[in-house]
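The structure under discussion appears below in the form of structure tokens.
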Amino acid sequence: MSDALRSVARRIFLNALRAVDVRNAVRQQVNVDAETLRLGAHTLSRAAVESVILIAVGKAAVPMFEAASEKLQGVRVQAVVVAPRETFPPGHHERFLVGEHPTPGEHSRRAADTILSLLATATPRDAVLFLVSGGASAMVEKPLDDAISLADVAAFHRALVGSGMTITQINALRKHMSAVKGGRLAAAAAAAAWQCTLLVSDVPATEPDAIASGPSLPDSTTVEDCLTLFPRLQNACGSLPESVVRYFSNGNLPETPKAGDAAFTRASFDVILSGDHLAHAAAEAARAAGFHTVIDNACDDWEYRDAGRYLMDRSASLATKYGRVCVISVGEVAVSISAEAGEGGRNGQFALWCARDLTHHTPATVLSAGSDGVDGQSAAAGAVCDETTMGRAEQIGQSVDEALQQFNTASLLRLVGDAIQTGPTGNNLRDLRLILKER
1 MSDALRSVAR
11 RIFLNALRAV
21 DVRNAVRQQV
31 NVDAETLRLG
41 AHTLSRAAVE
51 SVILIAVGKA
61 AVPMFEAASE
71 KLQGVRVQAV
81 VVAPRETFPP
91 GHHERFLVGE
101 HPTPGEHSRR
111 AADTILSLLA
121 TATPRDAVLF
131 LVSGGASAMV
141 EKPLDDAISL
151 ADVAAFHRAL
161 VGSGMTITQI
171 NALRKHMSAV
181 KGGRLAAAAA
191 AAAWQCTLLV
201 SDVPATEPDA
211 IASGPSLPDS
221 TTVEDCLTLF
231 PRLQNACGSL
241 PESVVRYFSN
251 GNLPETPKAG
261 DAAFTRASFD
271 VILSGDHLAH
281 AAAEAARAAG
291 FHTVIDNACD
301 DWEYRDAGRY
311 LMDRSASLAT
321 KYGRVCVISV
331 GEVAVSISAE
341 AGEGGRNGQF
351 ALWCARDLTH
361 HTPATVLSAG
371 SDGVDGQSAA
381 AGAVCDETTM
391 GRAEQIGQSV
401 DEALQQFNTA
411 SLLRLVGDAI
421 QTGPTGNNLR
431 DLRLILKER
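Numbered by the UniProt record's numbering, the letters in the sequence shown go through residues 1 to 439 in order.
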């Protein structure tokens, strides 16, 4: 039965991914006819718009750009697309720039400079369409302070990712050090007739300005937040680059644009796909497979072991009443990573830890995978494990405890056949966790 349930869990995950169609979501938001140009909820006179400046950034940038371009036929479009190289179409144009992830580098700086240069040309005869998805925090980056080198920016990002902070807390710090985050791209495009931002969300529903660190949205985080969070980051990771410490400690941090700023006077923002869409797609697939289905996102941003205990206890309780259950949870779990961490990601860590814990509980199948197809430093999307995983690992001489301690789960999960390999999906709607249980 274990093999069968692992296969069912994989099928639910893949069916859910197919159901959340990025291209279709963008197509519904963009339309052109002889007299009008519609971008999101706003309609402009076609005669008043000379060109559309299109900025697509993040893991879903390519399909979002392609869908928008299809709908903008006949309109002059000036575009920059920043995305993972693996998602580039064959014969791509020079407008496609490599998006580095999870750590920014030279390509990230080039992308930031290119976007800022294009936005600086915006006039009242232009409309700007921002297509934003997760991952762009690393893919597009330029520090406000020229004294902060790219190497120091990269070290700062690595420290943030391994800190155990929530994505909103991480991005609050990123925004206040960046020339392109926290609404600063909107400020750069302020001369345009209209700005529209369409977002594919990989953050909690109440925090859209955390998506890709909110490059074109009013920022809800503040300098005061940073003054509280930065010492926590220092305590969590030890040493940070001196230039970064000096920047956050100089007592004169520049504030980001807020709601009411002139940059947002002629602007609209729409989340067109989110984790809620992914959860409901998974629920539909699970019901079709014969499970009583419950969506429970209460453990979003919890420490991964606490989240694992909560979801397994919830599934066990439901199974006593319904027999065959699938608990669905969308969001992220927190994992603190040491500098010596190996090849792993939060999804593999979560699933393998649950597999170890299942040796003390009744059988269950646990899937945890990223909708973007990538799990941290692992090439896998995540993993699907059960009560047999630990025994199968021991049979081939692999230590589950050692893999968890070293945050080095990817190799073990591949060897036991529990890794989920999709490759980059061109989407990014947070992580999906499934707990399948039969009484």
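Every residue gets a Cβ at the ideal spot worked out from N, C-alpha and C, and that includes glycine. Just so it is clear, the structure is predicted and the values come from calculations on it, not from any experiment.
For this session: Could you tell me which of Thr320, Leu198, Ala47 sits nearest to Val75, measuring between CA atoms?
Result: Ala47
Problem set entry | DSSP beta-bridge partners of Asp375 | DSSP lists Ser378 as partners of Asp375.
Exercise. Can you tell which of His42, Val30, Phe13 has its C-alpha closest to the C-alpha of Thr265?
Worked result: His42
Exercise. Would you say the stretch 401-415 touches the stretch 317-333, given that touching needs at least three Cβ pairs under 8 angstroms?
Worked result: Contact fails: fewer than three Cβ-Cβ distances are below 8 angstroms.
Problem set entry | For Pro143, the three-state DSSP class (helix, strand or coil) | Here DSSP, grouped into helix, strand and coil, assigns Pro143 to strand.
Problem set entry | Counted within 10 angstroms of its Cβ, other Cβ atoms place Thr123 as buried (16 or more) or exposed | exposed
For this session: Work out the CA separation of Arg305 and Phe13 for me, nearest whole Å.
Result: 22 angstroms
For this session: Return yes when the C-beta of Ala369 is under 7 angstroms from any heavy atom of the ligand PLP, and no when it is not.
Result: Inclusion of the ligand PLP in the displayed structure is not the case, the ligand content being empty and no account of it being possible.
Exercise. Hey, quick one: how far does the alpha helix (DSSP H) through Asn24 stretch, first residue to last?
Worked result: 22-27
Problem set entry | Whole-angstrom distance between Ile53 and Ala263, CA atom to CA atom | 16 angstroms
Exercise. Which residue or residues does DSSP assign as beta-bridge partners of Thr36?
Worked result: Ser45
Exercise. Does the beta-carbon of His93 have 16 or more other beta-carbons within 10 angstroms, so that it is buried, or is it exposed?
Worked result: exposed
Problem set entry | Beta-carbon proximity of Ala283 to Thr293, cut-off 8 angstroms | yes
Exercise. Straight-line CA distance for Ala193 to Ser45?
Worked result: 11 angstroms
Exercise. At what residues does the alpha helix (DSSP H) containing Asp152 begin and finish?
Worked result: 150-161
Exercise. Taking buried to mean at least 16 other C-beta atoms within 10 Å of its own C-beta, is Arg246 buried or exposed?
Worked result: exposed
Problem set entry | Cys226: first and last residue of the uninterrupted alpha helix (DSSP H) it sits in | 223-237
Exercise. Exposed or buried, Pro231, counting other C-beta atoms within 10 Å across all chains shown (16 or more means buried)?
Worked result: exposed
Exercise. In whole angstroms, what is the alpha-carbon distance linking Met1 and Asp372?
Worked result: Note that Met1 scores 48 on pLDDT, short of 50, meaning its location in the model is unreliable; the coordinates nonetheless yield the value given after this. Each residue's Cα considered, the two are about 29 angstroms apart.
Problem set entry | Minimum C-alpha distance to Pro90 - residue among Gln78, Glu66, His107, Thr103 | Glu66
For this session: Give every residue of the same chain whose Cβ lies closer than 6 angstroms to the Cβ of Ala285, excluding the five residues on either side of it in the sequence, and list them in chain order.
Result: In the same chain as Ala285, and ignoring 5 residues on each side of it, the C-beta atoms closer than 6 angstroms to its own belong to Ile12, Asn15, Ala16, in chain order.
Exercise. Closest to Arg6 by CA distance: which of Gly397, Pro363, Met177, Glu402 is it?
Worked result: Pro363
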